[in-house]
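In the numbering used here, the protein residues as written are 9 to 260. Beta carbons are placed, not taken as given, at the ideal position from N, Cα and C, and that holds for glycine. Okay, so here's the structure we're looking at.
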């Protein structure tokens, strides 16, 4: 299964850009300056690096989902400035942006009554060629979903639907992936499979931003942590593989 990115030229700029997987301070994926989202939260001067796993933490209702939706213009900011790879987020075509910055919602959305067609729906939205059958089956294997391509996903459990949605997103090969509680409702084995996929994406140089309450975050390797505190997304920390599991803002 091929899920490598990036191509030599990006989709939002006409000129060549550096790879997504750099680790320099200057390699910012997003930059925020005095951003306000309704009465939910504010984001002062803050940067999200490219090519790493960034985790959003905070109590329920603090705005983690809204923060994710802010990144691909599904939720508007009410003030301040957001740059995506050096460009004003507001200046970018939202449809084109969402082909590059793809979000997997907490509650999986299915589009068709066949697994095959549901997997293809993402590629078609991204204006990519239809993958062959081997690639489709490989995507299901990657997310540990042993289902036929001809099955009706409407009969699947909640966890199975979430894994199907994750496979659909993987086939789109986005450079930036937004995950909202991606392991919610899944058993322990499947949760580990989801974390394995996230690690793989990071190793391929893609940026993953995930809102999660999952406690076993050390499985993801080195992490950047953004913490909601008193209606502000302001703290940046780092959790390395060798450090303990507890993150700032984690529930005991």
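Using beta-carbon positions only, say whether residue i and residue j come within less than 7 Å of one another.
i	j	result
residue 124	residue 157	yes
residue 45	residue 90	no
residue 185	residue 110	yes
residue 176	residue 130	yes
residue 218	residue 63	yes
residue 121	residue 160	yes
residue 37	residue 58	yes
residue 49	residue 71	yes
residue 181	residue 191	no
residue 234	residue 228	no
residue 216	residue 210	yes
Mind checking who residue i pairs with in its DSSP beta bridge?
i	result
residue 56	38
residue 236	241
residue 49	45
residue 62	217 and 232
residue 184	109 and 215
residue 206	Answer is none; residue 206 lacks a bridge partner.
residue 165	In the DSSP output, where bridge partners are listed per residue, residue 165 has none listed.
residue 136	Answer by DSSP bridge pairing: none, since residue 136 is not bridged.
Based on Cα-Cα distance, which residue from the options lies nearest to residue i?
i	options	result
residue 88	70, 147 and 54	54
residue 95	39, 167 and 228	39
residue 188	102, 113, 135 and 78	113
residue 104	79, 155 and 75	79
residue 269	183, 168, 143 and 182	Since the first residue of the chain shown is 9 and the last is 260, residue 269 is not available in this structure.
residue 66	236, 198 and 174	236
residue 152	239, 196 and 215	196
residue 239	56, 98 and 74	74
residue 84	214, 213 and 47	47
At what residues does the alpha helix (DSSP H) containing residue i begin and finish?
i	result
residue 130	123-133
residue 69	Neither: residue 69 is in no alpha helix (DSSP H) and is coded neither H nor E.
residue 141	141-150
For the beta strand (DSSP E) that contains residue i, what are its first and last residues?
i	result
residue 82	It is not in any beta strand (DSSP E) - residue 82 carries neither H nor E in the DSSP assignment.
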